[in-house]
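Visitor: Would you mind keeping the following structure in view while I ask a few things?
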Amino acid sequence: MTDLTDYTMITYIVLGLIILLVDVPLIFNLLSQKRFRYRKDFLLFACASSIDMFYVVVTIWNSACRLHMGEGKTTRADCIRRPMMFLSIVANLMIAYMPTMIAFDRLVAAKKGVWYHRQTIKYSVYLCSVFLCFCAIVAFLNYNIIVNGKYGLEMVSSMCFTTTLIAPIFYTFYNLVKWFGIFMGVLLFLLAVITLHVENRFNMSTSDFQRSYRGMHKYFALTSLNSILFHFAPDFMLVFVENKSLLLISALYSLIMFKSIANFLCMFLVYHEIRQIFVYIFSCCPKESSTIQVVQFNKNTGKIKLQGFRGMSL
Numbered sequence: 002m003t004d005l006t007d008y009t010m011i012t013y014i015v016l017g018l019i020i021l022l023v024d025v026p027l028i029f030n031l032l033s034q035k036r037f038r039y040r041k042d043f044l045l046f047a048c049a050s051s052i053d054m055f056y057v058v059v060t061i062w063n064s065a066c067r068l069h070m071g072e073g074k075t076t077r078a079d080c081i082r083r084p085m086m087f088l089s090i091v092a093n094l095m096i097a098y099m100p101t102m103i104a105f106d107r108l109v110a111a112k113k114g115v116w117y118h119r120q121t122i123k124y125s126v127y128l129c130s131v132f133l134c135f136c137a138i139v140a141f142l143n144y145n146i147i148v149n150g151k152y153g154l155e156m157v158s159s160m161c162f163t164t165t166l167i168a169p170i171f172y173t174f175y176n177l178v179k180w181f182g183i184f185m186g187v188l189l190f191l192l193a194v195i196t197l198h199v200e201n202r203f204n205m206s207t208s209d210f211q212r213s214y215r216g217m218h219k220y221f222a223l224t225s226l227n228s229i230l231f232h233f234a235p236d237f238m239l240v241f242v243e244n245k246s247l248l249l250i251s252a253l254y255s256l257i258m259f260k261s262i263a264n265f266l267c268m269f270l271v272y273h274e275i276r277q278i279f280v281y282i283f284s285c286c287p288k289e290s291s292t293i294q295v296v297q298f299n300k301n302t303g304k305i306k307l308q309g310f311r312g313m314s315l
């Protein structure tokens with residue numbers, strides 16, 4: 002049992018490190034390069050990737066701690082008082098509400114397009130902060146029930162697994178809140194698409210906007226499918242399947258972590274700009290850039306006119 006638990010924690014750590022290997026350079030490039038900072042969809046990707054990274058860092062930390070805790074007993078209140086254990090509840094809610102955050106952003110873009118495109122990076126930060134505050138409030142309600150009620154005195158595993166961090170009376174509400182976030186995102190995005198087409202804003206918009214919105218359509222459709230397959234389905238089984246083995250529990254939680262990798266793959270497939278970032282980062286021999294002078298020859302006057310300079314890959 003102990004060996005299997007250790008292997009499970011190591012699996013979570015390895016998966017988390019793989020996700021960080023992708024998320025850290027992605028977020029850095031999306032926020033540091035000017036061409037991405039002026040794209041609202043890429044700022045949204047940076048926020049979503051930051052949520053993934055928050056969830057992964059908390060999971061890695063808690064998994065590493067569980068490797069050293071060993072099997073023992075402690076109170077439920079002692080578990081939830083540990084900062085990183087409390088943050089794991091917030092992180093679980095945040096990744097569930099990521100589709101809702103993206104869909105709400107798309108709805109605002111469809112309804113208030115002019116206002117939306119005038120906003121700076123602060124808009125994305127505020128949007129992410131609102132959902133973070135909501136998830137923190139739900140997590141604090143659970144904390145208050147455990148610490149100030151009878152459930153805080155119950156003896157649980159000293160490893161403080163996720164199920165022991167939730168008050169039994171709060172467990173159903175907690176799961177319903179998570180699942181609401183997953184499916185609400187789909188409904189809001191459908192509303193955004195309907196709004197855009199009913200009001201004929203899509204056909205009246207520029208080709209760049211249409212291309213950007215089609216990309217978001219594809220990306221959100223794929224990530225919504227990921228949320229259902231790799232988050233809702235495993236979560237549903239964790240709640241309703243009885244007599245689960247540790248191996249099954251480990252596999253289901255690994256699927257939830259894999260959702261972050263699947264979302265990145267969707268982003269990678271849909272957006273060539275994202276592919277360019279990682280081709281440049283992981284290329285052993287990046288292409289050097291050269292500059293050539295662009296001239297125009299007028300055959301009537303025999304004069305050569307300098308037009309400027311153009312970058313060229315060697």
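Residue numbers (the working numbering): 2 to 315.
Every residue, glycine too, gets a C-beta built ideally from N, C-alpha and C.
Ignoring anything shorter than 4 residues or poking outside the stretch 156-208, list the alpha helix (DSSP H) runs there in chain order.
Guide: Listed in chain order, they are 172-199, 202-205.
Visitor: Any idea what DSSP makes of I19, helix, strand or coil?
Guide: To locate residue 19, count along the sequence shown from 1; it is residue 18. Correct three-state label for I19: helix.
Visitor: Where D7 and Y254 are concerned, what is the direct C-alpha to C-alpha distance, given to the nearest angstrom?
Guide: Counting from one through the sequence shown, the residue named residue 7 turns up at place 6. Counting from one through the sequence shown, the residue named residue 254 turns up at place 253. Cα to Cα, D7 sits roughly 15 Å from Y254.
Visitor: Starting from T12, follow its DSSP beta bridges and name the residues at the other end.
Guide: Looking up residue 12 in the sequence shown gives position 11. DSSP lists no partner for T12.
Visitor: So within the stretch 46-124, which uninterrupted alpha helix (DSSP H) runs reach at least 4 residues, ignoring any that extend past its ends?
Guide: For the stretch 46-124, whole alpha helix (DSSP H) runs of length 4 or above, ordered along the chain, are 77-82, 84-112, 114-119.
Visitor: Comparing C-alpha positions only, which one of L256, T76, Y117, L226 sits nearest to G150?
Guide: Indexing the sequence shown from 1 puts residue 150 at position 149. It is T76 whose Cα lies nearest to the Cα of G150.
Visitor: Once the 5 residues before and after I282 are set aside, which same chain residues still bring their CB inside 7 Å of it?
Guide: Taking the first residue of the sequence shown as position 1, residue 282 is located at position 281. Same-chain partners within the cutoff: P26.
Visitor: Looking only at its chain, what residues have a beta carbon closer than 6 Å to the beta carbon of T60, apart from the 5 residues adjacent to it on each side?
Guide: Residue numbering aside, residue 60 sits at position 59 when the sequence shown is read from its first letter. Excluding positions up to five away in sequence, the list reads Y13, G17.
Visitor: K245 by DSSP, collapsed to three states: which one?
Guide: To locate residue 245, count along the sequence shown from 1; it is residue 244. DSSP places K245 in coil when its eight states are reduced to three.
Visitor: Would you kindly work out how many angstroms separate the C-alpha atoms of I96 and V57, rounded to a whole number?
Guide: Start at 1 with the first residue of the sequence shown, and residue 96 comes out as number 95. Start at 1 with the first residue of the sequence shown, and residue 57 comes out as number 56. In a straight line, the C-alpha of I96 is about 10 Å away from that of V57.
Visitor: Please name the residue, chosen from N143, A193, C161, D106, that lies closest to V91 on a Cα-to-Cα basis.
Guide: In the sequence shown, residue 91 corresponds to position 90, counting from 1. Checked all of N143, A193, C161, D106; the closest Cα to V91 is N143.
Visitor: May I have the straight-line CA-CA distance separating S246 from A252, to the nearest angstrom?
Guide: For the purposes of this step, residue 246 is taken as residue 245 along the sequence shown, with counting starting at 1. For the purposes of this step, residue 252 is taken as residue 251 along the sequence shown, with counting starting at 1. For S246 and A252, the distance between alpha carbons rounds to 10 Å.
Visitor: Straight-line CA distance for Y98 to M258?
Guide: If you number the sequence shown from 1, residue 98 lands on position 97. If you number the sequence shown from 1, residue 258 lands on position 257. Those two C-alpha atoms are separated by around 15 Å.
Visitor: Give the straight-line distance between the Cα atoms of M54 and L239, rounded to the nearest whole angstrom.
Guide: Numbered from its first residue, the sequence shown carries residue 54 at position 53. Numbered from its first residue, the sequence shown carries residue 239 at position 238. Spanning the two alpha carbons is a distance of roughly 23 Å.
Visitor: Within the same chain, show all residues whose beta-carbon is closer than 7 Å to that of K219, passing over the 5 residues directly before and after it, in chain order.
Guide: Counting from 1 along the sequence shown, the entry for residue 219 is found at position 218. Result list for K219: V271, in chain order.
Visitor: Below 8 Å on the Cβ atoms is my guess for I262 versus I52; work out the distance and round it to an integer in Å.
Guide: In the sequence shown, the residue the question calls residue 262 occupies position 261. In the sequence shown, the residue the question calls residue 52 occupies position 51. Contact flag wrong, Cβ pair sits at about 14 Å.
Visitor: Assign S284 to one of three DSSP states: helix, strand, or coil.
Guide: Within the sequence shown, numbered from 1, the residue matching residue 284 stands at position 283. Correct three-state label for S284: coil.
Visitor: Considering only the beta carbon of each residue, do L44 and R38 sit closer than 8 Å?
Guide: As a working note, residue 44 is residue 43 in the sequence shown. As a working note, residue 38 is residue 37 in the sequence shown. Against a cut-off of 8 Å, the Cβ pair of R38 and L44 comes out as a contact.
Visitor: Would you call the CB atoms of R107 and A49 closer than 8 Å?
Guide: Numbered from 1 along the sequence shown, position 106 holds the residue referred to as residue 107. Numbered from 1 along the sequence shown, position 48 holds the residue referred to as residue 49. No, Cβ-Cβ distance for R107 and A49 is not below 8 Å.
Visitor: Run the CB neighbour count on G182, radius 10 Å, all protein chains shown included, and call it buried at 16 or more, exposed below.
Guide: Taking the first residue of the sequence shown as 1, we reach residue 182 at position 181. So G182 counts as buried.
Visitor: Measuring CA to CA, which of C161, L223, C267, A110 is closest to A65?
Guide: In the sequence shown, residue 65 corresponds to position 64, counting from 1. The candidate whose alpha carbon is nearest that of A65 is C161.
Visitor: Count the C-beta pairs between the stretch 163-179 and the stretch 128-143 that are closer than 8 Å, then say yes if the count reaches three, no if not.
Guide: The stretch 163-179 vs the stretch 128-143: in contact.
Visitor: With respect to the alpha helix (DSSP H) encompassing F37, which residues constitute its N-terminal and C-terminal limits?
Guide: Position 36 of the sequence shown, counting from 1, holds the residue named residue 37. Start and end: 35-38.
Visitor: Roughly how many angstroms separate the alpha carbons of M268 and A222, rounded to a whole number?
Guide: Counting from one through the sequence shown, the residue named residue 268 turns up at place 267. Counting from one through the sequence shown, the residue named residue 222 turns up at place 221. Each residue's Cα considered, the two are about 11 Å apart.
Visitor: How many Å lie between S125 and F233 at the Cα?
Guide: The residue labelled residue 125 in the question sits at position 124 within the sequence shown. The residue labelled residue 233 in the question sits at position 232 within the sequence shown. Approximately 26 Å, taken between the alpha carbons.
Visitor: Taking the C-alpha atoms as reference points, what is the distance between L256 and P235?
Guide: By 1-based counting over the sequence shown, the position of residue 256 is 255. By 1-based counting over the sequence shown, the position of residue 235 is 234. Roughly 7 Å between the two C-alpha positions.
Visitor: Do N105 and L189 have their C-beta atoms within less than 8 Å of each other?
Guide: What you label residue 105 is simply residue 104 of the sequence shown in a count that begins at 1. What you label residue 189 is simply residue 188 of the sequence shown in a count that begins at 1. Note that residue 105 corresponds to Phe in the displayed sequence, not to Asn. Yes; because the gap between Cβ atoms is below 8 Å, this pair is in contact.
Visitor: In its own chain, which residues sit with a C-beta less than 6 Å from the C-beta of W62, not counting the 5 before and 5 after it?
Guide: Here residue 62 corresponds to residue number 61 of the sequence shown, with the count starting at 1. So the list reads M85, once near-sequence residues are dropped.
Visitor: Find the nearest neighbour of L266 within the set G73, W180, H198, N227, judged by alpha-carbon distance.
Guide: As a working mapping, residue 266 is identified with position 265 in the sequence shown. Here the closest residue by C-alpha is N227.
Visitor: Within this structure, are the beta carbons of S225 and V280 separated by less than 8 Å?
Guide: As a working note, residue 225 is residue 224 in the sequence shown. As a working note, residue 280 is residue 279 in the sequence shown. Result no, Cβ atoms of S225 and V280 do not sit closer than 8 Å.
Visitor: Under the rule that 16 or more other beta-carbon atoms within 10 Å means buried, what is I167, buried or exposed?
Guide: For the purposes of this step, residue 167 is taken as the residue at position 166 of the sequence shown. Flag for I167 reads buried.
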